[in-house]
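Enquirer: Before we start, here is the structure in question, set down as structure tokens.
Numbering (my numbering), first residue to last: -9 to 145.
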């Protein structure tokens, strides 16, 4: 049996075949939708969508009781330079109770959550767990009582 001779200029087909070949079973790399197309989303937009999905789930579970809680997304905690690295990993979100004319606020930090989730748990589940933990702190309840799905990312 003789190998087939590539069509066209010598080596052109082999270069193309080499580029398409998937030797290690990893599949396609990168985003499915290139960034210049309208359907593509940035990491921060996807993160904000996860926070919104979590807030909507809690609103379905708790209704008007948590309607006035404001949820913010920040990249990093304030004063990050003064914190020790282990403190930053533990600081995924904060909650501030309502005061005077300020609503209760939950702040979720994108970069620490992404660093913590990297390779261990799905980031969207960790985002939900952080939002549930902070909501539980505001309500004075256990996170499992706020949402029965809490902790699924650590199972």
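C-beta atoms are modelled at their ideal positions from N, C-alpha and C, and glycine is treated no differently. Source: prediction; values computed, not measured.
Can you give the Cα-Cα distance for residue 120 and residue 31, rounded to whole angstroms?
Expert: Approximately 22 Å, taken between the alpha carbons.
Enquirer: Could you have a look at residue 54 and say whether DSSP puts it in helix, strand or coil?
Expert: Looking at residue 54 - three-state DSSP - the assignment turns out to be helix.
Enquirer: Measure from the C-beta of residue 118 to each C-beta in chain D and report whether the shortest distance is under 8 Å.
Expert: The chain labelled as chain D is not found in the depicted structure, where only one protein chain is given.
Enquirer: From residue 111 to residue 67, what does the alpha carbon distance come to, in whole angstroms?
Expert: Taking the straight line joining both Cα atoms gives about 21 Å.
Enquirer: Label residue 53 either buried or exposed according to how many other C-beta atoms from any shown protein chain fall within 10 Å of its C-beta, with 16 as the threshold for buried.
Expert: Result: exposed.
Enquirer: So, residue 94 versus residue 58, is the Cβ gap smaller than 8 Å?
Expert: Yes, these two residues count as a Cβ contact at 8 Å.
Enquirer: Please name the residue, chosen from 131, 117, 128, that lies closest to residue 142 on a Cα-to-Cα basis.
Expert: Considering only alpha carbons, the answer is 117.
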